[in-house]
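Accompanying notes for the structure given below.
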Amino acid sequence: MTKIECILRPGRLEEVKDALGKFGIHGMTVSQVLGCGLQKGRTEVYRGREYSINLLPKVKVEIVVRDDQVNEIVKVISEAARTGEIGDGKIFTYRIDNAIRIRTGEQGDDAI
Amino acid sequence: MIWRSERLKRLLYLVPLMVLAMPACALADEPSIDTGDTTFILLSAALVWIMTPGLALFYGGMVRRKNVLSTIMHSFIIICLVSVQWVLIGYTLAFGPDHGHLVGDLSWLGLKDVGQTPNADYAATIPHLVFMVFQLMFAIITAALITGSFAERMRFPAFLAFSLLWTTIVYDPLAHWVWGVDGWLRNLGALDFAGGTVVHISSGVSGLVAALVLGRRRGYGSEPLLPHNLPMTVLGAALLWFGWFGFNAGSALAANGLAASAFVVTNTAAAAAALAWVIVEWMHHGKPTVLGAASGCVAGLVAITPAAGFVTPLPAVLIGLVAGAVCYLAVAVLKPRLGYDDALDVFGVHGVGGTWGALATGLFATTAVNPAGADGLFYGNAGQLWIQLVGVAASWALAAVGTYVILRVVSLFCKLRAPADEEEQGLDISQHGEDGYADMVLGAPAGNGTVGLSGV
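Residue numbers (the working numbering), protein chains in the order written: chain F, 1 to 112; chain P, 113 to 568.
Following this line, the structure appears as structure tokens:
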């Protein structure tokens, strides 16, 4: 099993969810996060003073999938999330030891 | 048909007049209460009251989220503190029979002799109690205005002691100087319709001194100390604007043409100042900000306050435009240059705006609006500007010296500033044991806590 964790533009979340849904992936965990990377921050002005804000809002989507699905899902997410501009985000994948469905006790691929 | 109904209407108007006239004839010696005036001033008092909760929101939105409750609490507790102080001693110090042209004596301690019959020295057509409670609301908002300067760092006990002493030792005498019968500035002829000197210069200058005595917030200049909820601030500004109609029009102390004139110039100056602030900021930084619009309207309201009962609408436009531009420059250019941390710009808006308004009254006042007032420089009376200048200087001096001394005295028995760790944690938790937004994880400065699915 592999965990796919992607940091996305908040504005692309719906597209990524739709694309994953079409692929048959319906379970995910989404969080609002702040981060910085290649994308420069932005400038905000309050009462005539400028402040540079370097942590920008992003969303983090986490899903756990079978190993044989990983390449294709990464492709699906990338296509749905890409705008071509700096700040589109990143995808990380991790190997996972096990997954357990709490309700039934199922383990491994059956639990995801 | 039309003329007939007109005539009927006129006849109908006569009925209450005759009814009113009868007791007045019978008891010609006693001042008679006008129900229209009384209704209007009672409602105006309620309008001025809502300004202080409005100010709580205006200020509350501008601090970081860890200090929102402590900032709101400042205004809320001042409503309670000054309400009691005013009844016990404040009103008699401010408006009681004169003592040396400096302060009221103690004859009206605990509102003794302040009752349902009018006091003709102040307002002949409304109960004395109505005048008293209308003036109370001014005392409340003035003390509350100062709190913006020391927001996010003052200890609550020190704030309580300071506010109580300040309203007693600075506000009450200053109100007597300007508005009290035989007060020396009133005798001099200084014009201050609704409190440009008494309310705005006094709070603004006191705020500046308090900011200097307390020192800057931790992180000032090195990390962004940003507003956490601008919609809250805009709601607060709207309530201030709304309440200000009672503040200025109500200061006519009667439901009459002068009240209407004050209402119109108040709205006009607020609008012009908001436009000016936004435009200057737009040219200076490239964006017309909402906080700028909210701050600008307050600057205009401040500036028109002393002039509201003495000027016509066209000068009001000018007073507003200048207020918006000058207060913007005070906040955006002067403050960073001088380096003091007046957290929410009490001095830049109220001190500077109030000073401009008091001087502008000396320029644009005309007896055509208010025969009880005076003409200003542009109506051929240059002397009025000098008198206004004396009023401004006296208000600056009393506020600055009074605030400095009070803070020094309070600091002898009570630490003024929250220790570094408590300031870091935020005053909501450290002073009040509460959290304004319990479901949000992150503190300042940027929004968007990691709170799961809500709002994604």
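Cβ coordinates follow ideal geometry from the N, Cα and C atoms, glycine included.
LEU528(P) and ILE189(P) have their C-alpha atoms spaced approximately 17 Å apart. Less than 8 Å separates the beta-carbon of ASP210(P) from that of GLY295(P). As summarised for the region 368-407 of chain P, there are no continuous beta strand (DSSP E) elements at least 3 residues long confined to that stretch. At a cut-off of 8 Å between beta-carbon atoms, LEU539(P) makes no contact with chain F.
GLN496(P) places its beta carbon 8 Å or farther from that of GLY503(P). Identification of residues in the region 14-44 of chain F having a C-beta nearer than 8 Å to some C-beta of chain P yields VAL30, SER31, GLN32, VAL33, LEU34 and GLU44, given in sequence order. GLY307(P) is the residue among GLY260(P), CYS192(P) and GLY307(P) whose C-alpha sits nearest the C-alpha of GLY362(P).
Cβ neighbours of ARG298(P) within its own chain (closer than 8 Å, five residues either side excluded): TRP289, VAL290, TRP291 and GLY292. The C-alpha of ALA455(P) is placed about 44 Å away from the C-alpha of THR147(P). CA-to-CA, the gap between GLY35(F) and LYS60(F) works out to about 10 Å. Here TYR94(F) is exposed: its Cβ has fewer than 16 other Cβ atoms, across all protein chains shown, within 10 Å. Close to ALA263(P), with beta-carbon spacing below 7 Å, lies no residue of chain F; the smallest spacing is near 14 Å. Taking CB atoms only, ARG47(F) has a neighbour in chain P less than 8 Å away. Taking C-beta atoms under 8 Å as the contact rule, GLY465(P) and HIS240(P) fail to qualify, at a distance of about 32 Å. In the DSSP annotation of this structure, ARG520(P) is not part of any beta strand (DSSP E); the continuous alpha helix (DSSP H) holding it starts and ends at 495-525. For VAL443(P), the chain F residues whose Cβ falls inside 7 Å of its Cβ are ARG47 and GLY48, in order along the chain. SER318(P) sits close to TRP278(P), with the two beta carbons spaced by under 8 Å. One finds nothing in chain F with a Cβ atom closer than 8 Å to the Cβ of SER542(P); even the nearest lies about 25 Å away. Ranked by how close their Cα comes to the Cα of SER507(P), the residues PRO531(P), LEU181(P), VAL310(P) and VAL160(P) have VAL310(P) in first place. DSSP, read as helix, strand or coil, puts CYS192(P) in helix. For LYS178(P), the nearest beta carbon of chain F is not closer than 8 Å to its own beta carbon. Between the region 30-50 of chain F and the region 368-381 of chain P, the count of C-beta pairs closer than 8 Å stays below three; the two stretches do not touch. Counting C-beta atoms within 10 angstroms of its own C-beta, PRO448(P) has fewer than 16 neighbours from the protein chains shown and is therefore classed as exposed. Between VAL461(P) and ALA411(P), the CB-CB gap stays under 8 Å.
Of the candidates SER182(P), GLY208(P), LEU221(P) and GLY212(P), the residue whose Cα lies closest to the Cα of VAL196(P) is LEU221(P). Of the residues assessed, LEU524(P) falls on the exposed side of the cut-off, its CB having fewer than 16 other CB atoms within 10 angstroms. Where ARG101(F) is concerned, there is no enclosing beta strand (DSSP E), because DSSP gives it neither an H nor an E. If the five residues before and after GLU72(F) are omitted, its C-beta is found closer than 8 Å to the C-beta atoms of PHE23, all from its own chain and listed in chain order. In the displayed model, GLU5(F) falls within a strand according to three-state DSSP. DSSP, reduced to helix, strand and coil, places ASN54(F) outside both helices and strands of the structure shown, so it counts as coil. For a Cβ distance threshold of 9 Å, nothing in chain F lies close to THR254(P): the least Cβ distance comes to about 22 Å.
TYR440(P) has a beta carbon lying within less than 8 Å of a beta carbon in chain F. DSSP, reduced to helix, strand and coil, places ASN341(P) outside both helices and strands of the structure shown, so it counts as coil. The C-alpha of THR345(P) is placed about 16 Å away from the C-alpha of GLY48(F). Annotation: ASP453(P) has no Cβ neighbours in chain F at a cutoff of 8 Å; minimum Cβ distance is about 12 Å. Residues of the region 397-413 of chain P with a Cβ closer than 9 Å to any Cβ of chain F, in chain order: HIS397, GLY398, LYS399, THR401, LEU403, GLY404 and SER407.
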